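These notes concern the structure reproduced below.
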Amino acid sequence: MTGKSTYEELEQRVNALVKEALDRKRAEAALRESEELCRVTFEHAVDAIFWQDLETGLITNCNRAAERLLNKTKKEIIGEDQSILHPPDKAAYYTDLFSRRIEERGSIDEEAEVITKSGHVIPVHVAATVTWVRGRRVIQGIFRDITERKKTDEELRRGESKYSTLVENSLTGIYIDQDETIVFANNRFAEIYGYAKEALIGMESWRLVHPDDRVLTGEMRAKRLSGENAPSEYEARGLTKDHRTIWIQRRNTRIEFQGRPAILGNIVDITKQKEAEAALRKTNEALQDFVDVVSHDLKTPIISIQGFSSRLFKNYQDVLGEKGREYVQRVLASARRMEVLVSDLLALSRMGQVVSKFEDVQSLEVVRKVISAVQDRIGAKEIELVVADDLPDIYCDGERIYQVFENLLVNAVKYGDNAGQPRIEIGYRDGGAFHQFYVKDNGPGIDPKFHRKIFEMFYRLNGAEEIEGTGLGLSIVERIIEHHGGKVWVDSEKGKGATFYFAVPKARVEITAPEAGLAPDKRGLRSDDHER
Ligand code: ADP
38 MTGKSTYEEL EQRVNALVKE ALDRKRAEAA LRESEELCRV TFEHAVDAIF
88 WQDLETGLIT NCNRAAERLL NKTKKEIIGE DQSILHPPDK AAYYTDLFSR
138 RIEERGSIDE EAEVITKSGH VIPVHVAATV TWVRGRRVIQ GIFRDITERK
188 KTDEELRRGE SKYSTLVENS LTGIYIDQDE TIVFANNRFA EIYGYAKEAL
238 IGMESWRLVH PDDRVLTGEM RAKRLSGENA PSEYEARGLT KDHRTIWIQR
288 RNTRIEFQGR PAILGNIVDI TKQKEAEAAL RKTNEALQDF VDVVSHDLKT
338 PIISIQGFSS RLFKNYQDVL GEKGREYVQR VLASARRMEV LVSDLLALSR
388 MGQVVSKFED VQSLEVVRKV ISAVQDRIGA KEIELVVADD LPDIYCDGER
438 IYQVFENLLV NAVKYGDNAG QPRIEIGYRD GGAFHQFYVK DNGPGIDPKF
488 HRKIFEMFYR LNGAEEIEGT GLGLSIVERI IEHHGGKVWV DSEKGKGATF
538 YFAVPKARVE ITAPEAGLAP DKRGLRSDDH ER
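One rule links them: number in my numbering = place in the sequence shown (from 1) + 37.
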């Protein structure tokens, strides 16, 4: 020590020394602390961690999770080669893959498999980087067990493949249209349009639509996409690859596809059905012409039979004698029956041919007219007739509703015979969305077994032979009501009278299909025909 050291100098140096010692202590403590932290973190990490010496390839350390993963102790792991981690048949592959990754990128990010002590294979994800540990280069690999994730992936794949099998094997064509482009199509869709599936993906969808229906389909798509209430089901013509026109029935739904709005469509090729319909329409038209001609041709001789028989009866009564007169009466009755039959047949065949006239009709007025037309027969049988006065106005084809009331009332008169006091009631019930009318008699009624049968063409119950009729009246009623979008049924038990109900919608919906028309002379004929 040179020079004089004052007390202060000494004190300063001591202080500095003490500080230095303290700093070192603190630094050592901090180091120990951080080392401890590292050790604990390493030791208790959820993922398995392995250290591998880069040069020797031997495992130099591992944590508890690693022990758990392999079901081995550290003793059994440390000091071994990396290859003991993997199933023997894949060990070479993974060893090679990992060292290549380290060489190329300095890190590993791969899926692999490890094997446990008992030979159980576990899928893992391996993330590894190179670090320095005590002067040596070490690969630190973090192994995460991905058994669960793999299982979920597998389930998802199985689920998806189930749906895609379903979609691919569907009998309906299924497609997705986004930005007016086909972005998905199943086999059936491709088959319907005659394209290969690959050729359809990316195709502008208007190419698949017949030129005359492009506006329609465009509107439908726009409405669907804007969320507007467009009918989700409609028919339009399509165009195949070889320019054939086909009829397509489609049902569309708006969906989100890859985060954006799209249209999911189901299609059915109804070309054959449409062709069959057209053929049927032609046949029906031909049949109609035939029926018109035949009935006209039949009517003429019937009228002359009636005319001459009447004259024979009137002018030659004495010559004929009693037997002769009876025969002529029978001829007249048969001719009348034939006339009714021809008219009924004609009425039935015209269903679906004549365009109907829908208008607001006072049903009470219609019923009054029907009653006055059959008044004589009601009077002859001394029937008590009750008509409700609350019959409403309805939107319907008035002439045909007349026909319905007439057929039901005539049946009630004809079949409603009652040993006691015959009674007929015409009434109305409010049926919610429907107007519900009924014609009720207190006659012999109808066994429920026959409640459907009596609406079939030409079907007549046993015992009806005595009473004039063709078995067509209720068929006509049913057709007319169906054309109005309604229903007709009977409520009856044998011996307890019969109530015939019919219901027609209150809504003013016009049935657009051309439909039921009646022979013009039908009504006149029935009301003139006093014997009915
Ligand atoms: P038609 O009166 O010309 O025989 P319908 O089709 O009108 O033909 O009736 C079919 C059958 O239903 C009738 O033959 C009759 O047996 C039975 N029927 C119809 N209305 C009644 C009724 N109100 N009471 C009992 N039976 C009836």
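Cβ atoms here follow ideal geometry from the backbone N, Cα and C, with glycine treated the same way.
Just so you know, these numbers come straight off a predicted model, no measurement behind them.
Identified DSSP bridge partners for residue i
{"i": "W88", "result": "N98 and Q177"}
{"i": "I285", "result": "A273 and D306"}
{"i": "R297", "result": "F294"}
{"i": "A66", "result": "The partner list for A66 (beta bridge, DSSP) is empty, contrary to what the question assumes."}
{"i": "S20", "result": "Outside the displayed span of the chain (38 to 569) sits residue 20, for which this structure offers no information."}
{"i": "S529", "result": "A535"}
{"i": "P542", "result": "F471"}
{"i": "D118", "result": "L95"}
Reduced DSSP secondary structure (H/G/I, E/B, other) of residue i
{"i": "K524", "result": "strand"}
{"i": "Y432", "result": "strand"}
{"i": "D306", "result": "strand"}
{"i": "A535", "result": "strand"}
{"i": "G344", "result": "helix"}
{"i": "P124", "result": "coil"}
{"i": "D427", "result": "coil"}
{"i": "E396", "result": "strand"}
{"i": "D566", "result": "Residue placement at D566 is poorly supported in this model, since its pLDDT is 34, which falls under 50; the coordinates still yield a value, given next. In this structure, D566 counts as coil in the three-state DSSP scheme."}
{"i": "E104", "result": "helix"}
{"i": "D60", "result": "helix"}
{"i": "A313", "result": "helix"}
{"i": "E421", "result": "strand"}
{"i": "A82", "result": "coil"}
{"i": "Q412", "result": "helix"}
{"i": "T549", "result": "With a pLDDT of only 45 at T549, under 50, the local geometry of the prediction cannot be trusted, and no value is derived from it."}
{"i": "D279", "result": "coil"}
Any non-hydrogen atom of ligand 1 within 6 Å of residue i CB
{"i": "D279", "result": "no"}
{"i": "N448", "result": "yes"}
{"i": "T507", "result": "yes"}
{"i": "G255", "result": "no"}
{"i": "G532", "result": "no"}
{"i": "G464", "result": "no"}
{"i": "D478", "result": "yes"}
{"i": "A501", "result": "yes"}
{"i": "R348", "result": "no"}
{"i": "A456", "result": "no"}
{"i": "A535", "result": "yes"}
{"i": "G510", "result": "yes"}
{"i": "Y538", "result": "no"}
{"i": "L498", "result": "yes"}
{"i": "Y452", "result": "yes"}
{"i": "I517", "result": "no"}
{"i": "I415", "result": "no"}
{"i": "I420", "result": "no"}
{"i": "I461", "result": "no"}
7 Å Cβ shell around residue i - same chain, five flanking residues per side excluded
{"i": "Y232", "result": "K278"}
8 Å CB neighbourhood of residue i in its chain, flanking five on each side removed
{"i": "V167", "result": "L91, I139, G143, S144, R174, V175, I176 and Q177"}
{"i": "I179", "result": "A82, D84, A85, I86, V163, A164 and A165"}
{"i": "A470", "result": "P542, K543 and A544"}
Nonlocal neighbours in the same chain, by C-beta distance under 6 Å from residue i, ignoring five residues either side
{"i": "T153", "result": "L107 and N108"}
{"i": "R563", "result": "Unreliable placement is indicated for R563, whose pLDDT of 32 sits below 50; the coordinate value is still reported in the next sentence. The answer is none, since no qualifying residue turns up."}
{"i": "R251", "result": "W243"}
{"i": "V328", "result": "S386"}
{"i": "E147", "result": "V163"}
Residue i Cβ short of 6 Å to ligand 3 heavy atom set
{"i": "D214", "result": "In the structure shown, ligand 3 is absent; the only ligands present are ligand 1."}
*asked:* Suppose only complete runs of 3+ residues qualify. What are the beta strand (DSSP E) ranges in the stretch 446-516, listed by chain order?
replied: Within the stretch 446-516, the complete beta strand (DSSP E) runs of at least 3 residues are 460-468 and 471-478.
4-residue-minimum alpha helix (DSSP H) runs that sit fully inside the stretch 127-215, ordered along the chain
Within the stretch 127-215, the complete alpha helix (DSSP H) runs of at least 4 residues are 184-205.
Ignoring anything shorter than 4 residues, give me the alpha helix (DSSP H) runs that lie fully in the stretch 215-264, in order along the chain.
As far as the stretch 215-264 is concerned, its whole alpha helix (DSSP H) runs of at least 4 residues are 224-230, 234-237 and 251-262.
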